[in-house]
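Here the structure comes first, spelled out in structure tokens, and everything after it is commentary.
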Amino acid sequence: MSDRVQELLKNLNRRNFEALYCKTRDEVHAAIMDRIPESATVGFSGSQTLEQLEIVEMLQSRGNNVLDQYDPKLSSDESLRIRRLSIQADCYLCSANAVSMQGELVFLSAYGHRTAGIAAGKRVIVICGSNKIVETREAAIKRAREHAAPLNVKRLHWDAPCAKDGTCRQDVCFSPDYIRMCCQMLILESEVDPERLTVIIAGEDLGL
Ligand code: SF4
Numbered sequence: 506m507s508d509r510v511q512e513l514l515k516n517l518n519r520r521n522f523e524a525l526y527c528k529t530r531d532e533v534h535a536a537i538m539d540r541i542p543e544s545a546t547v548g549f550s551g552s553q554t555l556e557q558l559e560i561v562e563m564l565q566s567r568g569n570n571v572l573d574q575y576d577p578k579l580s581s582d583e584s585l586r587i588r589r590l591s592i593q594a595d596c597y598l599c600s601a602n603a604v605s606m607q608g609e610l611v612f613l614s615a616y617g618h619r620t621a622g623i624a625a626g627k628r629v630i631v632i633c634g635s636n637k638i639v640e641t642r643e644a645a646i647k648r649a650r651e652h653a654a655p656l657n658v659k660r661l662h663w664d665a666p667c668a669k670d671g672t673c674r675q676d677v678c679f680s681p682d683y684i685r686m687c688c689q690m691l692i693l694e695s696e697v698d699p700e701r702l703t704v705i706i707a708g709e710d711l712g713l
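Counted from 1, the sequence shown has number 631 at position 126 by this note's numbering; the numbering is strictly sequential.
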């Protein structure tokens, strides 16, 4: 583990987050399996990181009840119901848009299920690829808004200004002219309960 990652883990711990470094995908999988009982219901937010790691499939094959809002069999109303239920699941999984070296975690959300699940879920596990680590809180916000969000807008074909050239124009990105993807921003600065939130720093780049 590099000195930089060691410093980041120390700063995350100082904020009452459990924090660990997992060099390989197998280590990430083991860390998640260790923290989620087989009997637990699991909610998750849409995440390229989770997809790349095939976490949902892993938990489903173990027998966890994973609340999958992306199940193609669901109607849009049923998907919305699952998103709301996920917030109250035993465990909520997600990735961060960015983490600062001081340990602040930044997340964007369109409808707010993601921010609600992270902010108020019973037990939350955040997976963060090495590419998401930046120096300052300002850089973390900038990464989320000016890097991750435009890429997600493009990937999911949302009608927002950044879809054209990847440039955020949040001053005009409002309905009815556009459909804004990053309507909510959550910054986690600390936890009261040291057992609520775990941050896994992965040893590879993951997600956008
Ligand atoms: S505020 Fe609008 S333009 Fe800016 S990144 Fe978000 S969706 Fe794109």
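Each residue gets a CB set at the ideal place from its N, CA and C atoms; glycine is no exception. Just so it is clear, the structure is predicted and the values come from calculations on it, not from any experiment.
Cut-off 6 Å between Cβ atoms - residues of its own chain near residue i, not counting five sequence neighbours on either side
i	result
Ala716	Beyond the ends of the chain as shown, which are 506 and 713, falls residue 716; an answer cannot be given.
Cys678	Ala665, Pro666, Arg685
Met690	Leu613
Cβ-based neighbour list, residue i, same chain, cut-off 7 Å, excluding 5 preceding and 5 following
i	result
Glu694	Arg520, Glu609
Arg530	Leu558
Ile537	Ile560, Ile630
Pro681	none
Closer than 7 Å: residue i CB and nearest the ligand NAD heavy atom
i	result
Cys527	Ligands in the displayed structure: the ligand SF4; the ligand NAD is not one of them.
Closest residue to residue i among the options (Cα-Cα distance)
i	options	result
Ser591	Asn570, Glu523, Ala535	Asn570
Phe522	Gly712, Asp710, Leu702, Gly708	Leu702
Met606	Phe679, Leu713, Leu525, Arg509	Arg509
Asp698	Leu711, Tyr575, Arg628, Ile692	Arg628
Val704	Cys599, Cys667, Leu691	Cys599
Ala524	His662, Pro577, Glu700, Leu711	Glu700
Integer-rounded CB distance, given that residue j should sit under 8 Å from residue i
i	j	result
Ser527	Ala707	Going by the sequence as given, residue 527 is Cys instead of Ser. Their Cβ separation, rounded to whole angstroms, is 6 Å, which keeps Cys527 and Ala707 in contact under 8 Å.
Glu651	Cys673	5 Å
Thr546	Leu579	With 8 Å as the limit, Thr546 and Leu579 do not qualify as a contact, their Cβ atoms being about 16 Å apart.
Beta-carbon contacts of residue i that lie in its chain and below 8 Å, excluding the five residues immediately before and after
i	result
Glu696	Arg520, Asn521, Phe522, Leu702
Glu543	Arg567, Gly568, Asn569
Going residue by residue through the stretch 585-670, where are the continuous alpha helix (DSSP H) segments of at least 4 residues, counting only ones entirely within it? 618-625, 642-647, 654-661, 667-670
Decide if the stretch 650-665 is in contact with the stretch 686-703; the criterion is three or more beta carbon pairs, one per stretch, under 8 Å apart. yes
Entirely within the stretch 519-573 and at least 3 residues each: give me those beta strand (DSSP E) ranges in chain order. 523-527, 546-549
Does the contact criterion of 3 or more C-beta pairs under 8 Å hold for the stretch 625-636 versus the stretch 549-561? yes
Would the stretch 557-567 and the stretch 510-519 be scored as touching if the rule is three or more Cβ pairs under 8 Å? no
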